[in-house]
Structure formats: C-alpha cells, structure tokens
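Residues -25 to -1, 1 to 964 in mature numbering (1 follows the signal peptide of the UniProt record, and there is no 0) are what the sequence shown lists, from first letter to last.
All C-beta atoms in this analysis are idealised placements derived from N, C-alpha and C, irrespective of residue type, glycine included.
Structure first, commentary second.
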Amino acid sequence: MACPAAPWLLLVMPLALLGSLVAPAFQPEQGQAGGESGKQLDQEIGAGESVLVSAYVHLEFSDKTWPPMFSRDLTLLPASASSSLKTLIGLSLTTECNVNHTGYSHCSCLSGYQWNASVCSHHLLCHPQHQSHQPCGCLVFSHPVPGYCQLLPPVPGNLRLNSPLQMPGDTLNLTLRISQEATNLTWFLRRPGKPTPILLQKGTQVSLTSSQGQVVLSISHMSQYWAGEYMSCFEAQGFRWELRQVVRVPLQQKEVARIPEKLSISCATSSGFQLSCCIPRTHLAYTAAWSPEEGSQASLLTTSGSQCLVLAIQRCPAADTTYTCVLQSQDLDPLRFPVPVTIIQDGDTTCPENFSVVAWNVTKAGHVAEAPCPMNKMGVVKRPCRPDGIWGPVQTDCTDLGILALCIKAKLQAGQGRPAEKVPQILAQLQRRVGVASSPSDLIALLSTVKSLSEVVAEDRMHLDRSALEDLLTTTDNILDMNISSLWTQAQVQKPTEGSHFLLAVETLVRSLSPEDQPFSFNSSNVLLQSQFFEPTLPQYRISFPTQPPVWAEIPSHSLAPLAHNGTNISITSLVLQKLDHLLPSNYGQGLGDSFYATAGLVLVISIMAGGQAFTQAEVIMDFGDTDDFLHCVFWDHKLFGGEGGWSGEGCRADAAIASPATWCICQHLTAFSILMSRQTVPENPVLDLLSQVGLGSSVLALLVCLGVYRLVWRVVVRNKVVFFRHAALLNMVICLLAADTIFLGASFLPPGYLRPLCLATTFLTHFFYLATFFWMLAQALVLAHQLLFVFHQLSKHRVLSLMVILGYLCPLVFASVTLGLYLPQGQYLREGKCWLDGKGGAFYTFVGPVLAIVGINGLVLATAVLKLLRPSLSEGPPVEKRQALLGVIKALLILTPIFGLTWGLGLATLLEEVSTVPHYIFTALNSFQGVFILLFGCLTDKKVQEALRKRFHSNQPPNSTISMAINETYILEQSKRSEASHEERMTD
C-alpha cells in the first residue's frame, strides 16, 4: 500500500542456533535502501535446537511501497547440520510504522501481535479508544521507537450472555470467565449510532458480582437505553484485552413514531400526502412495510438517530382508508401501527388552512391536526379542529434535542458514565441550554436533569466546585424566571410533583459545595445563597437577605454546641428561592386544615454540614418580614401525601418578636421554610356561609315569584314599546340572575372531591349569567337614554330587541369565553377550593371591571334623565304615557344601580382588605339578596304591575284611579287628560 513517508518494519525472526556463539548483525537484503544492525545474540543452546529469538530489524523502502514479499511470513529452507553456525528458518512481520510530517511515528501491530500494556500505558493511541478491536494495536511514538509489537498469547477468558435478545424489563447478565490473573477490569457500553462508549459502574440498574475466576455484570429493567455493544476491558499476561458482546432489545410500541397518528385531508386541495413510520437506531434488524401500497411509493429516510419509512400517497383515496406500518424482526411478533386517513367530503364542516406556529392543512371538524416539530426538536405539534369548524389552541409537545441529550446523559445514577467528570460538564451545558426552553416538555426535561444530577451527587457523596455550583444556581434562577402561566402550569398538569422534586434537588446540590470553595455567595433576581465555613468555636449563626421585605435567620449557639464539642468544622448554607413557593402543590398537612393560604413569595432553605454529614436537628429563628394575624410557620415536608410533598407545621411555631411588631418563626429542625398567610381570604366562618346560603335561597325564591308575576300581568302591563323594552330587559335580568344564583348555590354543595370539569363548567356559566344580568341592565339604560335624547325618533321593536339580545347575551358570552381561554392555560382561572373566578390573577377583574363600568354608565344615564325630566321643553316633551313608562325605568335604575354598584365595589374591596371582615359580610349580604331587590324595586313597585295585580285578584272591586293602559284612537277631554297626567306624575314621583 502507498504510504505518506518512508515506511519501515520491525521484524521477529526464528533462528536455528548451534553451540554457544555470537550471532552477527542481520544484514539488509537486496532491494533495501538501508538497514541497521539489531541486538546481538549471546545464548547457549543445544546442538541443532531451534528457538524463537526476537531481533530488532529496521527496514526502510525508498520507493515508499512495501515489497509484496513482506506482506506474508517468509519461510526459508532448513539448513544442514554442517552448515553455518546460525540458520534463519522464518521471518515474521510484527510492526508497521509510518512517520508523519510532524516527525511522530504511528506504529501499528500486524495480525497476531500487540503492544504490551506497559508500553501502551505511556503512549497515545493512534485512534480513539475502542474504535478498533485491538486495544493497543497502534501507538504514537517520537523517535526512537521503544521496542516492537509482541506475539499475543491465547485469549485468557471469554464473555458470555444469558441471552443475546433481551426483552424489555428483563435482567441482562454478562459473565466474564478469566483463566489468568486479571487487573484493571472495566466495562463499557457503546449504543447504536454512538461512536464513544460509556463507562459502566455500579448504580441503580448496574451491579457487579465477583467470584473466583469470573465477574458478572447485571443490568436490571432492560430497555433500548441499555441496548448496544458491551465491552469488558482488562489486563492479563502483560497485555490489554477487550471482549465484546452485542445485546439487542426489541422495540416497544411507544418507541415507534407515526407522523401523523391520524389524518384528515381534502382531496380537492391536496392530491397526495405522506405518512412516516420512524424507529430509533438499533442492533436488531427490522424490516418495515406499509399497507395498502396501491397508488403509493415507500422510501427509506435515515437520520443520525433514527430511520423512517416514508409512504408517499400520490393519489388521494376515494374513501376513508387506514394505512398500517408493519415492523418485522426475526423470531419476534410483528408490530403494527395503524394510521387512519379521513377524506373530507363536500358539505363537511372543516377548519380552514392556517399558518399559526406551523402550517395547518384543511382539517375536518372534530379531528386533531398534527405536524412534526421544528428542526432540532423532537415530538409533534397538535391542534384540534372544534366541531364548529374553529381552530383550537396549539398544543406543543416538542422537546429541544440538546436538552433531551443532557437529560439522557444525566442518568448517571443508573450506572453509566463518570459522575465526577460528567456532573460539572452537564451543569455547564445545562446553564447554556436553559434559554432555549420554550415548551412544557422542555421544562420537564430540565427539571428531570437537575433531579438526576442531585441523585448522582447524593449517591456518590460528590463535592461541587464553585464553577459548577454557579452554573446550577444560574440555571435555577432562569428556570424560576420562566413564564409561570405558559410553561410551569402546563408542566404541572402533566407532572404535579415537579416543583417539589426540583426543590429537593436544589437542596441536595447546594449542600455539596466543596469546603475549599467556601465562603461562597450568589445573588440573582430569584436565587440568593450564602455559604460559610466555620471553626468549631462558632458562637451562633445569623444571616440576612435583601429581599422585599427583608428576611433574616438565626441559629442560637446552644443548637450548635454539640457540633462544637465534636471539634469538627461546620459548613452552613442558606438559600432563598423566590417564586418557587407558588410552584409547589397546594398540599397542607395535619393541623393546617383545608384553608387556602398565600405564602411569603419565597422559600428559605438552611442546611448544616459537619464532618461530611448533614446535621438536621437545630433550632432556627426566622423573620419573614410579615405581621399578618393569620400566620403559620411551616416547612416543606417531602414525605407527605405519598411523596408528593406538602406544607407542615410540625416542630414550628409563631412567636411575637422581641421589641418588634413582627412575628418570628421558630423551628426545631432544618429544611425548606416559608410562612402561610390568610391573604385574600376570610377564615372559615359558619355565620358567613349561612348568610350566603340563606340570601341565595331567598333570591331564587324571589326571582321565581317575579317570573310568576310577569306570567300573570304581562299582557295587561306591556301595551307600548317603551314599556315592552323595559320589562323585556327586566325579565331577562330575572332569568339570568335566577340561573346564576341557582348554579352558584348548587356549587356550594359540591363534595370536596368534586370533578374539575364540573367546577370549570359551573364557574363559566356563573360568570356568563352574572355578566348577562348587568348587560341587560345596561340595555335598559341605553333604551332610556335613546328615548330622552331622540324624542321623536321612532324605534323598530324587532330591531331594538335584536340589539338588546346581542348586548345582553353575546357580549357577556365573549367576555366569559375570552376569560376562560386566556386564564385557564395560565392556571389563573379557578379559585382554590371554590368554583368561582380566581381573585389572584386577572380573571376576577374581567367580571368586576365590566360590572363597575356598566354601573358607571347607568349613573350617567340616570343623571341625564333626571336633568331632562326636570327641565322639559315644549318641543321635546314626551307623551304622558311614554313619560310615565320612562319614569318607571328611571325609578328602577335609580334604586338598583347604586345597590349593584355598592355590592361589587365591596367585592373588589374584599380582595384588598386583609384584616377586617366587615366588607366580606356586607358584600355577602348585598350579593346574596340581589334577587329580592329586583323583585321589590324592579317589579312590585311598578304602579302598573300593582294595578294589574289588583284587577287580577279583586276584579269585582272598582279601581281607585283611572289609568289608561292602552293607546287608542279616541280622544278624551283635554282637561281630563291633563288631570290624569298630573295625577300619574304625582304617583310615580
């Protein structure tokens, strides 16, 4: 073969030697450009005995080409007994060296030879380790080369599998049997498609057992994560050895990706489409096929980490068709993956083509459109097409490949990799990747990575240096700073305990700071840390953090006295994590009841390390800077609620501070502390609950009575347009408020374990009907304003009624729907423990805001109406009966508007009030009895309704006054009409 520089060889020669002689140097043969003499041979042997003697021979070739004769062993004719004193009976090539342009020699061993372990340990390999089956087959030397490759003895062992095909969940056993003494035994795994092998050590899934002459490597819970080529590396007989076995694991259903999982397509807009069936790289051979194949063409697409069989359907099928991807491997049952394709027919409801986030094709109503994630992400993006043909929200389940790779690398505790090297590297890479997280899947992968690293550090009792801890805290700060509404809330829906696990992971990692790197401090917007190293004579410990309000903690000297007596150095770390308390599950332990609390906005973590051990029993005094009367000192207990974690007050108490109005928290142990406060809520009060239920019940009954009254008097009372508009609005107000009160009252009787969808529906309907009540009140006021400002403008009954329905029902429906769509994904829609809008976010203000705005508009209309009626002009004065109807509207609005406005003004005040319960009682009373107010002031105080009821129940008794209810074409005497109008004005004033 051709070589880049003058090649040369090292040879081993078997010589037949007679007597005790000195062999002369070996001379270059013909055709050699030059040669060097080797070692002299000085050895006593028996006459005619043939031995194998190693001689160093340097052969160089000027034409840079190996002669063909040197590509095989040379066998010479045996010499006679009377011949020369030495006889060359064989020539074997051992080493081939090439000198590169830098002057270094790359010397590789020929078949059957290898550099010994001693030489191999002092020189670099020509190629990365484990790239060839010879562990020391090629080394890099500077001149001169210290020796040559040696003849390999027989392999001193063998590596056997319990089964080359491992089913998922099984336990793999690799048995190494060694016939010679072996040292430096290590195990490696090279996954399919990965060039670099991974070191295997004892872990949660890896175990090593040794006995005389054998070592067994066991891997529990086998999966694709553990499939690949296993290598056992050891030293024996002066050489390094590598024994290999390939382990194959069959694919599982969840490991095969179908893109898409189902499809709806319009043949009118798309003549064809593609389906993909993708599997990860594996040592197990699979054949893939699609069926049916008519009118389609399949092709194989290979990427760095997977293989996809792509089916291109060139002609759209005439009817719905299910395509099936079949994966087959020898001796295994086939895997089948159906992909139903629905053909959109003429007349079907569809969602139009859309380009939000990704390109969405026309999709049939009721189906879910799917699209692959963007480049460098794994997963799919989904978007439902609602039954009404409106696109739903985009559901992103994409994970960044870089974050996913780090998450896989962090599984060090399972037994793969070198934790001492890998943990700092992963933390540094994680700090750089956290900025690209844009989906709940990314966040879950980040949290899982931190959790895995903490388990590794705890298992191996590792120490982190300053740089690694800074990377961790920077990552933690960025994670806490992520959009809580769009990422954290959705991640918690998938994994509710992620916040608790993240807190435990950070606690574990910050305790592992190396003593040599202390003191250490870190300050960011969400993470503040102070770590100090103390001598045993530490009198007491005090720390403060510049949060708002400031937080400080103190550990008295008597709590540290036991550590001082032991004479060990002490490391105390205090950590403040802001925002994390809002990300923990709302779990409250024994003694905290079912109340709903607000936290201080942060979690304070204090840990003490003494002699390499965590010290947890110590009294700690803390001031969180809050003087709330309903304060509970708590800590986060990771063991509560089956490992989910929860707030517990065990071992903690709240005491009045010395010479300060603040409240101190005193706990007898060290962990993650915070305080719970009854902010924005009222303590459980049976009187308040009873008042609310009685009021709502009274309102429901009053509204039913109101509907009954209208059933009796409607035809008598409603005889002109203005009266019709007024009572139509009032009737719809009654219906909406009745529905809202009934639903709200029923929700209060739901059991504690009510279903979330039922509570969600209850909240939405209550929000809608309460808003509709006020919008109908607004419609009533706007009709009044129109009649006062445009006296001679005739109203179309059907047109005005249509506008009132749009205003009364469509507008509140829009408000309620937007609130649901905007705040539900953010986790700010439902109030904790109540089927009503959350008062902490903006959801509640989408109700109070429109209500107060309507109350303000009604106030302006009322002011205008009063001014108009007090100063009428001859040209503007409305007819008497119309004037009477307008006065009825004004009277109802004049009473109901202030009552409703005061009610929800107080409702807003209850969110701001933290101590006094008086606003809560006033709000509950006014809000609960709204139906009674409408019955009294909107219905029964109307003179026409009263007169109609009198006529209904006392038809044989003459009326006390003459009131004209109808508009007719007969004129009465002008004087009587004026008198009647004057009388009516007095009655309505």
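DSSP places cysteine 113 inside the beta strand (DSSP E), whose first and last residues are 113 to 116. With fewer than 16 other Cβ atoms inside 10 Å of its own Cβ, isoleucine 781 counts as exposed.
Using a Cβ-Cβ distance cut-off of 8 Å, the stretch 573 to 592 and the stretch 637 to 645 are in contact, since at least three pairs of beta carbons, one from each stretch, lie closer than that value. In this structure the stretch 825 to 834 lies against the stretch 748 to 758, because at least three pairs of beta carbons, one per stretch, are closer than 8 Å. For serine 500 against aspartate 446, the beta-carbon gap comes to about 17 Å, at or over 8 Å, which does not count as contact. Linking alanine 433 to proline 825 through their CA atoms gives a straight-line distance of about 55 Å. DSSP places leucine 307 in the coil class of the three-state scheme, outside both helix and strand. Annotation: the continuous beta strand (DSSP E) that includes glycine 621 extends over 621 to 623.
Here phenylalanine 819 carries a coil assignment [DSSP, helix/strand/coil].
Its chain contains Pro167, Gln199, Ala202, Arg223, Val224, Leu226 as the residues whose beta carbon lies nearer than 8 Å to that of threonine 257, once the 5 sequence neighbours on both sides are disregarded; these appear in chain order. Annotated three-state conformation of leucine 448 is helix, per DSSP. Comparing alpha carbon positions, the residue from Glu269, Ala273, Asp308 closest to alanine 293 is Glu269. Secondary structure note for histidine 607: its beta strand (DSSP E) is the uninterrupted segment 606 to 612. For aspartate 598, there is no enclosing alpha helix (DSSP H); the enclosing beta strand (DSSP E) has its first and last residue at 595 to 598. DSSP links glutamine 507 through a beta bridge to Ile547. Contact annotation: leucine 376 and alanine 420 have beta-carbon atoms that are not nearer than 8 Å.
Going by beta carbons, threonine 543 and alanine 480 fall outside the 8 Å limit. Minimum Cα-Cα distance from glutamine 469 among the listed residues Arg517, Ser414, Gln505 corresponds to Ser414. Measuring C-alpha to C-alpha distances from valine 758 to each of Ala747, Leu666, Phe700, Ala466 identifies Phe700 as the nearest. Within the same chain, Leu250, Trp265, Ser271, Ala273 come within 6 Å of leucine 286 by CB-CB distance, once the 5 residues on both sides are set aside. Nearest to leucine 687 by alpha-carbon distance, out of Pro267, Glu71, Phe214, Val920, is Val920.
Taking 8 Å as the cut-off, the beta carbon of arginine 219 is found no closer than this to the beta carbon of proline 110. Listed in chain order, the alpha helix (DSSP H) elements of length 4 or more contained wholly in the stretch 198 to 246 amount to none. Counting every other CB atom within 10 Å of its CB across the protein chains shown gives histidine 476 a total of 16 or more, marking it as buried. Residue pairing by DSSP puts threonine 277 in a beta bridge opposite Gln282.
Straight across, the Cα-Cα distance linking cysteine 95 with serine 117 is about 14 Å.
Pairing alanine 715 with proline 267, the inter-Cα distance amounts to about 55 Å.
Sequence-distant partners of proline 121 (beyond 5 residues in either direction) whose C-beta falls short of 8 Å from its own C-beta, in its chain, are Val94. Nearest Cα to histidine 533 within the set Thr184, Gln320, Tyr516: Tyr516.
Per DSSP, isoleucine 383 is one residue of the alpha helix (DSSP H) stretching across 376 to 384. Excluding its 5 nearest sequence neighbours in each direction, arginine 628 has C-beta neighbours in its own chain below 7 Å: Cys608, Ile641, listed in chain order. The beta-carbon separation of leucine 910 and alanine 677, rounded to 4 Å, stays under the 8 Å limit for a contact.
Between serine 546 and glutamine 493, the CB-CB gap stays under 8 Å. Across the set Lys384, Gly783, Lys696, Val709, the C-alpha of Lys696 shows the shortest separation from the C-alpha of serine 771. Relative to cysteine 113, the option among Leu147, Met142, Val775, Glu71 whose CA is nearest is Glu71. The C-alpha of lysine 357 lies about 57 Å from the C-alpha of cysteine 82.
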